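Here the structure is laid out as structure tokens; the discussion comes afterwards.
In this note's numbering, the protein residues as written are 9 to 56.
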């Protein structure tokens, strides 16, 4: 995880959508998954 954190902190090739998965369970909870999908959709379609 440290290597990922180091890499992502310097990433500058495009936009990032960071999802903190410590507080959600998108595998077992469809509502949590829906929230992530909404965020992705908003980024792809330019709706903030």
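Don't be surprised by glycine CBs; every beta carbon is placed ideally from N, CA and C. Please read these numbers as outputs of a predicted model, since none were measured by experiment.
Residue range 38–53 is occupied by the alpha helix (DSSP H) that includes residue 51.
Shown here, residue 31 sits in coil according to DSSP, grouped into three states, outside any helix or strand. Going by DSSP, residue 12 is part of the alpha helix (DSSP H) stretching over 10–17.
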